[in-house]
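Structure record follows, encoded as structure tokens.
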Amino acid sequence: AEHENIVAIKEASDSVDRLVALSRVEGLSIYSGNDTQIYPTLALGGLGVISVVSNILPRATALICKEYFTGNVGKSLELQKAMFPFIRTLFAETNPAPIKQIMATRGLISPELRLPLSEVRESTKEALSRELSRLYELGIKE
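Sequential numbering from 113 applies to the sequence shown in this note's numbering.
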């Protein structure tokens, strides 16, 4: 990196061009800051993820990275693709309201939100529940 105190970056853009450029910076570790980009970030030399979805699916999120780093890249990609619709639903409304909603529904946190956050739409609640149930049916539970 150009500055000795900067050793890593959380990259949360959707730009593959930016990710490639960052991967070329000597001495800079890259972490995905976008849950839909975990696998692509790893494939371009990233070391992991700073994640939203891991609040509800911590083991599955970690497994994307573990499988990749142990050479099971196909399994890593399979998990990323399976989780993709749920992840997209988590960002259908302003973060972190959807993840808080699903965590509250599962009894992990209290349901209160403080301004400027507001309760997610009923359609989003239904989509979150439907997508999480789909993952559970696939055996992706935590």
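Glycine is no exception: its CB is placed at the ideal position from the N, C-alpha and C atoms.
{"Item": "In the DSSP assignment, find the alpha helix (DSSP H) that holds ALA155 and state where it starts and stops.", "Value": "150-155"}
{"Item": "Pick out whichever of PHE181, LYS212, GLU138, GLU238 has its Cα sitting closest to the Cα of SER230.", "Value": "LYS212"}
{"Item": "Roughly how many angstroms lie between the CA atoms of SER222 and GLU138, to the nearest whole one?", "Value": "44 Å"}
{"Item": "Straight-line CA distance for LEU227 to THR182?", "Value": "43 Å"}
{"Item": "Taking the DSSP output, what are the residues bridged to SER141?", "Value": "ALA120"}
{"Item": "Tell me whether VAL232 is buried or exposed, calling it buried when 16 or more other Cβ atoms sit within 10 Å of its Cβ.", "Value": "buried"}
{"Item": "Once you ignore the five residues that flank LEU189 on each side, which residues in its own chain have a CB closer than 6 Å to its CB?", "Value": "TYR151"}
{"Item": "Report the three-state DSSP secondary structure of VAL132 (helix, strand or coil).", "Value": "helix"}
{"Item": "Just mark VAL161 as buried or exposed, buried being the case when its beta carbon has 16 or more other beta carbons within 10 Å.", "Value": "buried"}
{"Item": "I'd like to confirm the pairing. Which residues does DSSP put opposite VAL232 in its beta bridges?", "Value": "Answer is none; VAL232 lacks a bridge partner."}
{"Item": "Comparing the CB of ALA239 with every heavy atom of the ligand SAM, is any distance shorter than 6 Å?", "Value": "In the structure shown, the ligand SAM is absent, as is every other ligand, since no ligand is present at all."}
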